[in-house]
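*Asks:* Okay, handing you the structure first.
In mature numbering (1 follows the signal peptide of the UniProt record, and there is no 0), the protein residues as written are -28 to -1, 1 to 435.
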(Lines of atoms letter the chains of each structure in order from A and count residues from 1; the text may use other names and numbers.)
(Lines give C-alpha, C1' and ligand atoms only; values in the text may rest on other atoms or scores of the structure.)
Protein backbone atom coordinates (compact mmCIF):
# COMPACT_ATOMS: atom_id res chain seq x y z
CA UNK A 1 0.00 0.00 0.00
CA UNK A 2 1.40 3.41 -0.96
CA UNK A 3 2.17 6.10 1.54
CA UNK A 4 -0.46 8.40 -0.01
CA UNK A 5 -3.21 5.80 0.40
CA UNK A 6 -2.17 5.03 3.94
CA UNK A 7 -2.22 8.68 4.93
CA UNK A 8 -5.55 9.24 3.20
CA UNK A 9 -7.01 6.19 4.96
CA UNK A 10 -5.86 7.32 8.38
CA UNK A 11 -6.15 11.11 8.17
CA UNK A 12 -9.59 11.19 9.81
CA UNK A 13 -8.29 8.89 12.54
CA UNK A 14 -5.27 11.15 13.00
CA UNK A 15 -7.50 14.14 13.78
CA UNK A 16 -8.88 12.16 16.72
CA UNK A 17 -5.70 10.38 17.74
CA UNK A 18 -2.60 11.62 19.47
CA UNK A 19 1.01 10.59 19.30
CA UNK A 20 2.38 9.25 22.55
CA UNK A 21 5.70 7.89 23.70
CA UNK A 22 5.07 4.82 25.81
CA UNK A 23 7.71 4.31 28.42
CA UNK A 24 8.23 1.60 30.99
CA UNK A 25 10.45 1.72 34.06
CA UNK A 26 13.02 -1.05 34.08
CA UNK A 27 14.62 -0.29 37.44
CA UNK A 28 13.20 0.06 40.95
CA UNK A 29 12.19 3.37 42.46
CA UNK A 30 15.17 5.66 42.81
CA UNK A 31 16.44 6.71 46.19
CA UNK A 32 15.04 10.20 45.60
CA UNK A 33 11.55 8.68 45.75
CA UNK A 34 12.20 7.19 49.18
CA UNK A 35 12.15 9.11 52.43
CA UNK A 36 15.69 9.97 53.57
CA UNK A 37 16.92 8.04 56.62
CA UNK A 38 16.51 9.72 59.99
CA UNK A 39 18.16 7.23 62.36
CA UNK A 40 21.27 5.09 62.33
CA UNK A 41 21.15 1.64 60.78
CA UNK A 42 19.12 -0.92 62.76
CA UNK A 43 17.87 1.75 65.19
CA UNK A 44 14.22 2.49 65.99
CA UNK A 45 12.87 5.34 63.87
CA UNK A 46 9.45 5.91 65.50
CA UNK A 47 7.76 5.62 68.88
CA UNK A 48 4.05 5.63 69.52
CA UNK A 49 1.69 6.59 66.72
CA UNK A 50 3.52 9.35 64.90
CA UNK A 51 6.64 10.55 66.76
CA UNK A 52 9.79 10.12 64.67
CA UNK A 53 13.12 9.70 66.47
CA UNK A 54 15.96 11.23 64.41
CA UNK A 55 19.61 10.95 65.42
CA UNK A 56 21.22 12.35 67.66
CA UNK A 57 18.14 11.15 69.57
CA UNK A 58 17.66 7.41 69.73
CA UNK A 59 15.82 4.63 71.49
CA UNK A 60 17.91 2.52 73.89
CA UNK A 61 19.38 0.27 75.02
CA UNK A 62 21.77 0.31 72.03
CA UNK A 63 24.14 3.19 72.84
CA UNK A 64 25.11 3.55 69.18
CA UNK A 65 21.58 4.78 68.42
CA UNK A 66 21.90 8.07 70.35
CA UNK A 67 24.66 10.64 70.78
CA UNK A 68 24.77 10.59 74.59
CA UNK A 69 22.48 9.74 77.50
CA UNK A 70 20.67 13.10 77.32
CA UNK A 71 19.41 12.12 73.87
CA UNK A 72 18.29 8.64 74.92
CA UNK A 73 14.57 7.97 74.43
CA UNK A 74 12.59 5.42 76.43
CA UNK A 75 9.83 3.77 74.43
CA UNK A 76 8.41 0.62 76.01
CA UNK A 77 5.50 -0.79 77.98
CA UNK A 78 6.47 1.16 81.10
CA UNK A 79 5.98 4.44 79.19
CA UNK A 80 2.82 3.27 77.45
CA UNK A 81 4.87 3.17 74.25
CA UNK A 82 5.13 6.95 74.41
CA UNK A 83 8.58 8.53 73.91
CA UNK A 84 10.20 9.98 77.04
CA UNK A 85 13.54 11.70 77.50
CA UNK A 86 15.22 9.22 79.84
CA UNK A 87 17.28 11.75 81.84
CA UNK A 88 14.79 14.64 81.89
CA UNK A 89 11.69 12.43 82.28
CA UNK A 90 9.63 14.56 79.89
CA UNK A 91 7.23 13.12 77.35
CA UNK A 92 8.27 13.93 73.78
CA UNK A 93 5.65 15.17 71.33
CA UNK A 94 7.82 16.13 68.38
CA UNK A 95 11.51 16.27 67.43
CA UNK A 96 12.75 18.61 64.71
CA UNK A 97 16.15 18.09 63.14
CA UNK A 98 16.39 21.89 62.97
CA UNK A 99 17.12 21.98 66.70
CA UNK A 100 13.75 22.13 68.48
CA UNK A 101 11.91 19.62 70.62
CA UNK A 102 8.29 19.77 71.79
CA UNK A 103 7.71 18.11 75.17
CA UNK A 104 5.13 18.13 77.95
CA UNK A 105 5.83 20.34 80.98
CA UNK A 106 3.89 20.45 84.28
CA UNK A 107 1.18 22.98 85.11
CA UNK A 108 1.84 24.40 88.59
CA UNK A 109 -1.36 24.73 90.66
CA UNK A 110 -1.98 26.98 93.67
CA UNK A 111 -4.93 27.27 96.03
CA UNK A 112 -8.08 25.18 96.11
CA UNK A 113 -7.37 22.94 93.11
CA UNK A 114 -8.93 19.62 94.02
CA UNK A 115 -6.77 16.64 93.10
CA UNK A 116 -3.94 18.82 91.76
CA UNK A 117 -0.33 19.09 92.92
CA UNK A 118 2.08 22.01 93.01
CA UNK A 119 4.63 20.54 90.62
CA UNK A 120 7.46 22.65 89.13
CA UNK A 121 9.06 22.21 85.69
CA UNK A 122 12.11 19.89 85.43
CA UNK A 123 15.59 21.29 86.02
CA UNK A 124 17.50 21.02 82.72
CA UNK A 125 20.78 22.48 84.00
CA UNK A 126 23.74 20.69 82.42
CA UNK A 127 21.60 19.22 79.66
CA UNK A 128 21.69 20.10 75.94
CA UNK A 129 18.20 21.61 76.32
CA UNK A 130 16.92 25.11 77.12
CA UNK A 131 13.41 26.54 77.09
CA UNK A 132 13.04 28.37 73.77
CA UNK A 133 12.18 32.02 74.33
CA UNK A 134 10.75 32.76 70.89
CA UNK A 135 8.23 29.90 71.07
CA UNK A 136 7.03 29.87 74.70
CA UNK A 137 5.06 32.28 76.87
CA UNK A 138 4.79 32.36 80.65
CA UNK A 139 1.06 32.18 81.38
CA UNK A 140 -1.05 32.34 84.54
CA UNK A 141 -4.77 31.95 85.22
CA UNK A 142 -5.79 33.85 88.35
CA UNK A 143 -7.99 36.66 89.58
CA UNK A 144 -6.25 39.86 90.67
CA UNK A 145 -2.96 38.16 91.46
CA UNK A 146 0.68 38.58 90.48
CA UNK A 147 2.20 35.53 88.78
CA UNK A 148 6.00 35.31 88.86
CA UNK A 149 8.71 33.27 87.22
CA UNK A 150 12.27 33.27 88.50
CA UNK A 151 15.50 31.38 87.97
CA UNK A 152 18.98 31.05 89.42
CA UNK A 153 20.40 32.90 86.39
CA UNK A 154 19.40 36.29 87.77
CA UNK A 155 16.07 36.90 86.14
CA UNK A 156 12.68 37.65 87.60
CA UNK A 157 9.55 38.30 85.58
CA UNK A 158 5.84 38.34 86.11
CA UNK A 159 2.41 39.37 84.93
CA UNK A 160 -0.70 40.59 86.68
CA UNK A 161 -4.36 39.79 86.05
CA UNK A 162 -7.61 41.57 86.83
CA UNK A 163 -10.93 39.98 87.70
CA UNK A 164 -13.97 39.73 85.46
CA UNK A 165 -16.53 37.04 86.15
CA UNK A 166 -18.35 37.94 82.92
CA UNK A 167 -15.39 37.34 80.60
CA UNK A 168 -15.80 35.16 77.51
CA UNK A 169 -12.95 32.92 78.68
CA UNK A 170 -11.57 32.43 75.17
CA UNK A 171 -7.92 31.46 75.00
CA UNK A 172 -7.00 34.81 73.45
CA UNK A 173 -9.34 37.01 75.51
CA UNK A 174 -7.18 39.85 76.86
CA UNK A 175 -4.52 37.44 78.08
CA UNK A 176 -1.77 40.06 78.03
CA UNK A 177 0.81 41.36 80.50
CA UNK A 178 -2.10 42.79 82.49
CA UNK A 179 -4.92 40.50 81.45
CA UNK A 180 -8.42 39.64 82.52
CA UNK A 181 -8.40 36.43 84.58
CA UNK A 182 -5.35 35.41 82.56
CA UNK A 183 -2.00 37.04 81.90
CA UNK A 184 1.05 36.31 79.76
CA UNK A 185 4.58 37.57 79.27
CA UNK A 186 7.67 36.63 77.27
CA UNK A 187 10.71 34.90 78.73
CA UNK A 188 14.45 35.58 78.31
CA UNK A 189 16.67 33.22 76.28
CA UNK A 190 18.72 30.27 77.53
CA UNK A 191 16.59 29.31 80.53
CA UNK A 192 17.23 25.79 81.79
CA UNK A 193 15.47 25.97 85.17
CA UNK A 194 12.71 28.12 86.68
CA UNK A 195 10.07 28.19 89.41
CA UNK A 196 6.66 29.85 89.37
CA UNK A 197 4.57 31.48 92.10
CA UNK A 198 1.30 33.33 92.45
CA UNK A 199 1.43 36.14 95.03
CA UNK A 200 0.46 36.84 97.67
CA UNK A 201 0.17 33.14 98.45
CA UNK A 202 -1.72 33.66 101.73
CA UNK A 203 -4.53 35.47 99.90
CA UNK A 204 -5.18 33.06 97.04
CA UNK A 205 -8.85 32.33 96.45
CA UNK A 206 -10.09 29.48 94.31
CA UNK A 207 -7.85 27.55 91.94
CA UNK A 208 -4.96 29.40 90.32
CA UNK A 209 -2.28 27.99 88.06
CA UNK A 210 0.80 29.07 86.14
CA UNK A 211 2.77 27.40 83.37
CA UNK A 212 5.14 27.84 80.48
CA UNK A 213 3.44 26.94 77.20
CA UNK A 214 4.04 26.67 73.46
CA UNK A 215 2.21 29.79 72.32
CA UNK A 216 1.18 28.35 68.95
CA UNK A 217 -0.44 25.40 70.70
CA UNK A 218 -2.08 27.69 73.26
CA UNK A 219 -3.72 29.87 70.62
CA UNK A 220 -4.74 27.13 68.21
CA UNK A 221 -5.88 24.25 70.41
CA UNK A 222 -7.90 25.76 73.25
CA UNK A 223 -11.40 27.17 73.23
CA UNK A 224 -10.80 28.56 76.73
CA UNK A 225 -7.72 29.08 78.87
CA UNK A 226 -9.70 27.52 81.72
CA UNK A 227 -9.40 24.18 79.90
CA UNK A 228 -5.84 24.03 81.26
CA UNK A 229 -7.29 23.28 84.70
CA UNK A 230 -8.20 19.80 83.50
CA UNK A 231 -4.64 19.13 82.36
CA UNK A 232 -1.55 18.17 84.33
CA UNK A 233 0.91 19.07 81.57
CA UNK A 234 1.02 21.30 78.50
CA UNK A 235 3.36 21.43 75.47
CA UNK A 236 6.52 23.54 75.63
CA UNK A 237 9.31 23.92 73.08
CA UNK A 238 12.91 23.19 73.97
CA UNK A 239 15.95 24.10 71.92
CA UNK A 240 18.55 21.34 71.70
CA UNK A 241 22.18 21.39 70.65
CA UNK A 242 25.25 19.18 70.70
CA UNK A 243 27.89 20.54 73.06
CA UNK A 244 31.33 21.10 71.60
CA UNK A 245 33.69 18.74 73.40
CA UNK A 246 36.17 16.00 72.53
CA UNK A 247 33.38 13.51 71.76
CA UNK A 248 31.46 15.77 69.39
CA UNK A 249 34.62 17.12 67.77
CA UNK A 250 35.76 13.58 67.03
CA UNK A 251 32.38 12.49 65.63
CA UNK A 252 31.90 15.50 63.37
CA UNK A 253 35.55 15.98 62.41
CA UNK A 254 35.83 16.60 58.69
CA UNK A 255 32.37 18.17 58.55
CA UNK A 256 32.93 21.09 60.94
CA UNK A 257 33.77 24.13 58.84
CA UNK A 258 33.42 22.18 55.58
CA UNK A 259 32.80 24.48 52.62
CA UNK A 260 29.95 23.50 50.30
CA UNK A 261 31.10 23.29 46.69
CA UNK A 262 29.86 26.11 44.43
CA UNK A 263 26.44 25.57 42.93
CA UNK A 264 26.17 24.66 39.24
CA UNK A 265 22.81 25.06 37.52
CA UNK A 266 21.38 21.95 35.91
CA UNK A 267 24.25 19.77 37.11
CA UNK A 268 23.70 16.38 38.68
CA UNK A 269 26.80 16.66 40.87
CA UNK A 270 25.81 19.58 43.07
CA UNK A 271 27.15 19.17 46.59
CA UNK A 272 24.80 17.08 48.75
CA UNK A 273 27.25 16.41 51.60
CA UNK A 274 26.20 17.89 54.97
CA UNK A 275 28.32 20.47 56.78
CA UNK A 276 28.57 21.56 60.42
CA UNK A 277 29.17 24.88 62.16
CA UNK A 278 30.32 25.83 65.64
CA UNK A 279 28.09 28.36 67.44
CA UNK A 280 29.30 30.54 70.30
CA UNK A 281 32.32 28.27 70.67
CA UNK A 282 30.07 25.90 72.59
CA UNK A 283 27.86 23.82 70.30
CA UNK A 284 27.86 22.03 66.95
CA UNK A 285 25.01 22.37 64.45
CA UNK A 286 24.84 20.43 61.17
CA UNK A 287 22.95 21.23 57.98
CA UNK A 288 22.09 19.89 54.54
CA UNK A 289 23.05 22.19 51.64
CA UNK A 290 20.19 24.24 50.25
CA UNK A 291 18.07 22.29 47.83
CA UNK A 292 18.67 19.06 49.75
CA UNK A 293 16.96 17.44 52.73
CA UNK A 294 17.63 14.71 55.27
CA UNK A 295 19.30 14.26 58.62
CA UNK A 296 22.72 15.94 58.42
CA UNK A 297 23.78 14.49 61.78
CA UNK A 298 24.03 11.07 60.14
CA UNK A 299 26.89 12.56 58.07
CA UNK A 300 25.53 10.90 54.93
CA UNK A 301 24.74 12.60 51.60
CA UNK A 302 21.49 14.52 51.80
CA UNK A 303 18.62 13.89 49.40
CA UNK A 304 17.56 16.24 46.63
CA UNK A 305 14.30 18.12 47.18
CA UNK A 306 11.98 17.75 44.20
CA UNK A 307 10.70 21.32 43.98
CA UNK A 308 8.50 20.42 41.02
CA UNK A 309 6.39 18.18 43.26
CA UNK A 310 6.04 21.17 45.57
CA UNK A 311 4.70 23.28 42.65
CA UNK A 312 7.41 25.89 43.11
CA UNK A 313 7.06 27.06 39.51
CA UNK A 314 3.49 28.22 40.11
CA UNK A 315 4.48 30.21 43.18
CA UNK A 316 2.72 33.60 42.79
CA UNK A 317 5.94 35.55 43.34
CA UNK A 318 7.78 33.61 40.63
CA UNK A 319 4.92 33.87 38.14
CA UNK A 320 4.48 37.60 38.73
CA UNK A 321 8.19 38.46 38.67
CA UNK A 322 9.05 36.65 35.46
CA UNK A 323 5.85 36.72 33.43
CA UNK A 324 5.32 32.96 33.53
CA UNK A 325 2.08 33.06 31.58
CA UNK A 326 0.03 29.87 31.47
CA UNK A 327 1.32 26.74 33.20
CA UNK A 328 5.14 26.86 33.46
CA UNK A 329 7.12 23.69 32.90
CA UNK A 330 9.16 22.64 35.92
CA UNK A 331 12.37 20.61 35.67
CA UNK A 332 14.00 19.36 38.84
CA UNK A 333 17.74 18.79 39.12
CA UNK A 334 20.05 17.99 42.02
CA UNK A 335 20.01 20.99 44.32
CA UNK A 336 17.60 23.15 42.35
CA UNK A 337 14.99 23.43 39.64
CA UNK A 338 14.19 25.24 36.40
CA UNK A 339 10.94 27.00 35.50
CA UNK A 340 10.16 27.55 31.82
CA UNK A 341 7.20 29.21 30.14
CA UNK A 342 6.21 28.00 26.68
CA UNK A 343 4.26 31.22 26.20
CA UNK A 344 6.73 33.96 27.15
CA UNK A 345 9.93 31.82 26.95
CA UNK A 346 10.92 33.09 30.40
CA UNK A 347 13.35 30.69 32.08
CA UNK A 348 14.61 30.69 35.66
CA UNK A 349 17.17 28.38 37.23
CA UNK A 350 16.76 28.28 41.01
CA UNK A 351 19.79 26.83 42.71
CA UNK A 352 20.63 25.28 46.03
CA UNK A 353 22.76 28.27 46.93
CA UNK A 354 19.63 30.33 47.32
CA UNK A 355 20.21 32.39 44.17
CA UNK A 356 18.51 32.36 40.79
CA UNK A 357 19.36 33.02 37.17
CA UNK A 358 16.51 34.21 34.95
CA UNK A 359 16.55 34.84 31.22
CA UNK A 360 14.56 34.33 28.03
CA UNK A 361 15.34 31.58 25.56
CA UNK A 362 13.82 30.31 22.29
CA UNK A 363 10.87 27.98 22.60
CA UNK A 364 11.92 24.34 22.03
CA UNK A 365 10.11 22.18 19.48
CA UNK A 366 7.23 20.25 20.95
CA UNK A 367 8.88 16.90 20.30
CA UNK A 368 12.10 17.77 22.11
CA UNK A 369 10.06 19.35 24.87
CA UNK A 370 8.04 16.16 25.31
CA UNK A 371 11.22 14.09 25.36
CA UNK A 372 12.76 16.45 27.90
CA UNK A 373 9.73 16.23 30.19
CA UNK A 374 9.62 12.46 29.81
CA UNK A 375 13.29 12.15 30.74
CA UNK A 376 12.95 14.40 33.79
CA UNK A 377 9.90 12.53 35.07
CA UNK A 378 11.08 9.00 34.49
CA UNK A 379 14.87 8.95 34.35
CA UNK A 380 16.34 6.07 32.35
CA UNK A 381 13.56 4.29 30.52
CA UNK A 382 12.98 1.85 27.70
CA UNK A 383 10.90 3.12 24.81
CA UNK A 384 8.72 0.15 23.84
CA UNK A 385 7.08 1.30 20.65
CA UNK A 386 5.75 4.42 19.06
CA UNK A 387 2.20 3.90 17.88
CA UNK A 388 -1.23 5.39 17.35
CA UNK A 389 -3.84 4.98 20.05
CA UNK A 390 -7.57 5.27 19.95
CA UNK A 391 -8.88 8.46 21.46
CA UNK A 392 -10.84 6.55 24.11
CA UNK A 393 -7.63 4.92 25.38
CA UNK A 394 -5.92 8.27 25.68
CA UNK A 395 -8.91 9.97 27.23
CA UNK A 396 -8.90 7.31 29.94
CA UNK A 397 -5.14 7.44 30.53
CA UNK A 398 -5.14 11.26 30.81
CA UNK A 399 -8.37 11.46 32.83
CA UNK A 400 -10.19 13.00 29.85
CA UNK A 401 -7.27 15.37 29.26
CA UNK A 402 -7.67 16.85 32.70
CA UNK A 403 -5.94 20.23 33.08
CA UNK A 404 -4.20 18.85 36.17
CA UNK A 405 -2.36 16.44 33.82
CA UNK A 406 -0.89 19.23 31.65
CA UNK A 407 2.91 19.11 31.52
CA UNK A 408 3.34 21.99 29.09
CA UNK A 409 2.03 23.83 26.03
CA UNK A 410 3.63 24.58 22.70
CA UNK A 411 2.83 26.03 19.34
CA UNK A 412 1.55 22.70 18.05
CA UNK A 413 -0.49 21.56 21.04
CA UNK A 414 -0.59 20.64 24.70
CA UNK A 415 1.47 17.93 26.43
CA UNK A 416 -0.38 15.70 28.90
CA UNK A 417 0.81 13.08 31.36
CA UNK A 418 -1.04 9.78 30.91
CA UNK A 419 -1.06 6.72 33.15
CA UNK A 420 -2.21 3.23 32.19
CA UNK A 421 -3.57 0.57 34.55
CA UNK A 422 -0.47 -1.57 34.05
CA UNK A 423 1.77 1.21 35.40
CA UNK A 424 3.01 2.60 32.08
CA UNK A 425 3.50 6.37 31.89
CA UNK A 426 3.13 8.45 28.72
CA UNK A 427 4.05 11.98 27.72
CA UNK A 428 1.32 12.75 25.21
CA UNK A 429 1.17 15.87 22.97
CA UNK A 430 -2.38 16.59 21.85
CA UNK A 431 -2.07 18.35 18.47
CA UNK A 432 -4.40 20.95 17.09
CA UNK A 433 -6.87 19.60 14.49
CA UNK A 434 -5.24 19.16 11.10
CA UNK A 435 -7.33 20.08 8.11
CA UNK A 436 -5.35 18.65 5.22
CA UNK A 437 -3.93 15.27 4.37
CA UNK A 438 -0.65 16.92 3.42
CA UNK A 439 -0.41 18.48 6.88
CA UNK A 440 -0.98 15.09 8.47
CA UNK A 441 1.67 13.50 6.29
CA UNK A 442 4.13 16.26 7.11
CA UNK A 443 3.56 15.82 10.84
CA UNK A 444 3.88 12.06 10.57
CA UNK A 445 7.12 12.39 8.66
CA UNK A 446 8.57 15.12 10.82
CA UNK A 447 7.64 13.73 14.25
CA UNK A 448 8.11 10.07 13.47
CA UNK A 449 4.61 9.03 14.44
CA UNK A 450 4.72 5.50 13.11
CA UNK A 451 3.59 2.08 14.11
CA UNK A 452 6.76 0.09 14.63
CA UNK A 453 5.78 -3.17 12.95
CA UNK A 454 5.86 -4.94 9.58
CA UNK A 455 2.63 -3.40 8.36
CA UNK A 456 4.10 0.10 8.58
CA UNK A 457 7.70 -0.68 7.69
CA UNK A 458 7.35 0.46 4.07
CA UNK A 459 5.68 3.68 5.10
CA UNK A 460 8.48 4.34 7.61
CA UNK A 461 11.15 3.86 4.93
CA UNK A 462 9.40 6.26 2.56
CA UNK A 463 9.03 8.88 5.31
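Quick reminder that beta carbons are idealized off the backbone N, C-alpha and C, glycines included.
1) Given this structure, state the Cα-to-Cα distance separating residue -19 from residue 386, to the nearest angstrom.
2) Quick one: grab the DSSP three-state call for residue 36.
3) Measure the C-alpha to C-alpha separation of residue 200 and residue 179 and round it to an integer number of angstroms.
4) Among the residues of its own chain, which have a CB less than 8 Å from the CB of residue 69, if the five just before and after it don't count?
5) Could you name the residues of the same chain whose beta carbon sits closer than 6 Å to that of residue 440, not counting the 5 residues immediately before and after it, in chain order?
6) Just grab the DSSP bridge partners of residue 243 for me.
7) Is residue 19 near residue 47, with beta carbons less than 7 Å apart?
8) Which of helix, strand or coil does DSSP assign to residue 154?
9) Taking the C-alpha atoms as reference points, what is the distance between residue 16 and residue 318?
10) Label residue 304 either buried or exposed according to how many other C-beta atoms from any shown protein chain fall within 10 Å of its C-beta, with 16 as the threshold for buried.
11) Pick from 322, 167, 24 and 51: whose alpha carbon is nearest that of residue 79?
12) So for residue 76, helix, strand or coil by DSSP?
13) Kindly list the residues whose CB is nearer than 6 Å to the CB of residue 162, restricted to its own chain and excluding five residues on each side of it in sequence; keep chain order.
14) By the 10 Å Cβ neighbour count, where 16 or more other Cβ atoms means buried, how is residue 275 classified, buried or exposed?
15) In three-state DSSP terms, what is residue 29?
16) Tell me residue 305's beta-bridge partners as DSSP assigns them.
17) Starting from the C-beta of residue 208, find all residues in its chain whose C-beta is less than 7 Å away, skip the five residues before and the five after it, and write them out in chain order.
18) Exposed or buried, what is residue 50 when buried is set at 16 or more other beta-carbons lying within 10 Å of its beta-carbon?
19) Nearest by alpha-carbon distance to residue 29: which of 193, 217, 105 and 73 is it?
20) The beta strand (DSSP E) with residue 44 in it runs from where to where?
21) Quick one: Cα of residue 448 to Cα of residue 119, how far?
22) Compute the Euclidean distance between the alpha carbons of residue 443 and residue 372, then round it to the nearest angstrom.
23) Hey, out of 165, 7, 232 and 251, whose CA is closest to residue 126's CA?
24) In its own chain, which residues sit with a C-beta less than 7 Å from the C-beta of residue 122, not counting the 5 before and 5 after it?
25) Looking at the structure shown, is residue 85 part of a helix, part of a strand, or coil, going by DSSP?
26) Spatial neighbours of residue 299 within its chain, please: C-beta separation below 6 Å, excluding the five flanking residues on both sides.
27) By how many angstroms is the C-alpha of residue 173 removed from the C-alpha of residue 116?
28) Quick one, are the C-beta atoms of residue 170 and residue 133 less than 7 Å apart?
29) So residue 111 and residue 190 are supposed to be a Cβ contact under 8 Å. How far apart are they, rounded?
30) Mind checking which residues open and close the beta strand (DSSP E) that includes residue 211?
31) For residue 122, does the three-state DSSP call read helix, strand or coil?
32) Taking buried to mean at least 16 other C-beta atoms within 10 Å of its own C-beta, is residue 392 buried or exposed?
33) In angstroms with no decimal places, state the Cα-to-Cα distance between residue 282 and residue 177.
34) Could you give the first and the last residue of the continuous alpha helix (DSSP H) run that contains residue 220?
*Replies:* If we stick to the structure as given:
1) With a pLDDT of 41 at residue -19, under the threshold of 50, the modelled position of this residue cannot be trusted; read the value that follows with caution. Answer to the nearest angstrom: the Cα atoms are 22 Å apart.
2) helix
3) 11 Å
4) 10, 26, 267, 268 and 269
5) With the chain covering -28 to 435 only, the question about residue 440 has no answer from this structure.
6) None; residue 243 has no bridge partner.
7) yes
8) strand
9) 47 Å
10) buried
11) 167
12) strand
13) 102
14) buried
15) coil
16) 308
17) 75, 77, 103, 108, 184, 185 and 186
18) exposed
19) 73
20) 44 to 46
21) What the structure shows of the chain is the stretch from -28 to 435, and residue 448 is not part of that stretch, so it cannot be assessed.
22) No answer is possible for residue 443: the residues shown for the chain start at -28 and end at 435.
23) 165
24) 128, 166 and 167
25) coil
26) 378
27) 12 Å
28) no
29) 7 Å
30) 205 to 212
31) strand
32) exposed
33) 54 Å
34) 218 to 223
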